[in-house]
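Note that this note's numbering has the sequence shown beginning at 221, numbered continuously upward. Cβ coordinates follow ideal geometry from the N, Cα and C atoms, glycine included. Keep in mind it's a predicted model, so treat the numbers as computed, not measured. Below is one structure, written out as C-alpha cells; the observations come after it.
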Amino acid sequence: MRYCTFQLGRRTAAGFVGGEFVYDLGQAFFRTFKRPFAFRDLLDFLEVDGPDRIGEIDFGGLKSDRTVCAPMHSVLLRAPLPRPPKIVCVGLNYRDHAREQDVEPPENPLLFAKAPNVVIGPEEAIEIPAGISECVDPEVELGVVIGRPGDRIAREDAWSHVFGFTVFNDVTARDVQKSDRQFFRGKSFRTFAPMGPWIVTPDELNVRSLALRLAVNGEQRQKGNTSDMIFDVPRLIEYASACFPLEAGDVIATGTPAGVGAHRDPPVYLKAGDVVEASIEGIGTLTNGVR
C-alpha cells in the first residue's frame with residue numbers, strides 16, 4: 221500500500237494511493253465510520269492508529285465519490301510527514317561509504333539528529349544557505365517511518381513498529397559540518413530534509429535488497445543497495461529505542477551509499493538551478509530543484 225499527503229486546491233490531506241487515484245483518508249473514514257476525521261497529513265492518520273483500521277475501508281465502493289477520490293494528476297504531492305516528531309539519522313551505515321572515506325565500519329550505529337521542521341516534499345526547492353555554505357551535498361537514503369510507538373524495542377519486535385518506507389534526502393552543508401565538528405547544524409538548514417513522494421508499506425518491499433540512486437541534472441552521483449547496510453532496520457530500531465522512545469511518525473534515515481559529492485575528486489556540490497533526483501527501487505523518485 222502507498223500513502224501520501226496531498227494538496228487539492230487550498231486543502232491538504234492524508235491520502236491512500238490506489239492506481240491512478242488518491243483517496244482522502246479523512247473522507248473515507250467519515251464515510252465508513254460515520255464520524256468526522258481530520259487528517260491534515262499522515263502524522264494525524266498515524267496518531268489515531270489509522271493503519272489498524274484501513275482494512276475496514278471499501279475503497280472500490282468509494283471510487284465514484286468525488287469528495288473521497290481524485291485522479292493523481294489533479295493533486296499536488298506534499299511531504300508525507302511535513303513535521304515528524306523526530307528525524308534520527310545514521311552515519312556510516314554502508315560499507316562502500318566507509319571505504320570511500322578510508323575508515324573502518326563502526327561497531328555500533330552512529331546516530332545523530334536532524335531538525336524535524338526543515339522537511340520539504342516533491343518538487344519543492346532545496347535552498348543553498350547564502351553566505352553560510354558553499355558546499356551543499358545531497359545524500360539518498362531509505363527513510364523508515366515508525367507507525368507504532370515503542371520504548372526499548374527488541375530486535376524481534378522491530379518490524380511491528382514500522383509503518384513504511386520513503387525516499388529521504390539527507391542534504392548536508394559539508395563546510396559547516398567540518399567547521400562545527402558535529403552534524404546537527406550542517407544537516408539542519410531550511411529545506412535540508414526532502415522526503416517523499418509517498419510512504420510504501422513493508423509488505424510491498426524486500427527492504428533487505430533495494431537499489432538506491434541519486435542523480436544531479438541527469439548525471440548519476442550515487443548508486444547502491446540496501447544489502448550493503450552495516451546495520452539493518454531491526455538493529456537500528458532496537459539501538460535507537462534503547463536510548464529514547466520512538467513515536468508514531470518518527471523517521472529513521474538509514475544512511476547513504478558511496479558517491480557523495482564531498483568524496484569525489486574534485487569534490488562537487490549543488491548550485492542554483494540544479495535538479496536532484498533521489499530514487500529507491502519499489503518506492504519511486506523524489507525530485508527537487510535547487511535555488
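- Residue pairing by DSSP places E497 opposite A435 and T507 in a beta bridge.
- Here the alpha carbons of F279 and H293 stand approximately 19 Å from one another.
- When only Cα atoms are considered, P304 and P336 end up about 6 Å apart.
- Of the candidates L362, R375 and E424, L362 places its Cα closest to the Cα of I472.
- When DSSP assignments are scanned along the segment 249-319, the uninterrupted stretches of alpha helix (DSSP H) that are 4 or more residues long and fall wholly within it turn out to be 262-267 and 279-282.
- The alpha carbon of A492 has as its nearest neighbour, out of E347, D269, V295 and R230, the alpha carbon of E347.
- Within its own chain, the residues whose Cβ lies closer than 6 Å to the Cβ of G384, once the five positions on either side in sequence are excluded, are V365, I419, V420 and T421, listed in chain order.
- Counting the other Cβ atoms within 10 Å of the Cβ of Q321 gives fewer than 16, which makes it exposed.
- Separation of G367 and L490 (C-alpha to C-alpha, rounded to the nearest whole angstrom) is 33 Å.
- Just measuring C-alpha positions, the residue of R394, R319 and L296 sitting nearest C224 is L296.
- Excluding five sequence positions before and after G509, the CB atoms of its chain that fall closer than 6 Å to its own CB belong to A345 and V495, given in chain order.
- With a cutoff of 7 Å on beta-carbon distance, P302 and D261 are scored as near each other.
- N389 counts as buried, since at least 16 other C-beta atoms from the protein chains shown sit within 10 angstroms of its C-beta.
- Between the beta-carbon of A498 and that of V360 there is about 4 Å, and that keeps the pair under the 8 Å contact cut.
- For C355, the closest C-alpha among the options G370, A393, A333 and K334 is that of A393.
- Per DSSP, L331 lies in no alpha helix (DSSP H); the unbroken beta strand (DSSP E) holding it starts and ends at L330 to K334.
- If the five residues before and after S408 are omitted, its C-beta is found closer than 7 Å to the C-beta atoms of K334, A335 and V338, all from its own chain and listed in chain order.
- Restricting attention to I503, D485 and G475, the CA atom closest to the CA of H317 is found in G475.
- For R405, the uninterrupted alpha helix (DSSP H) run begins and ends at F404 to K407, by DSSP.
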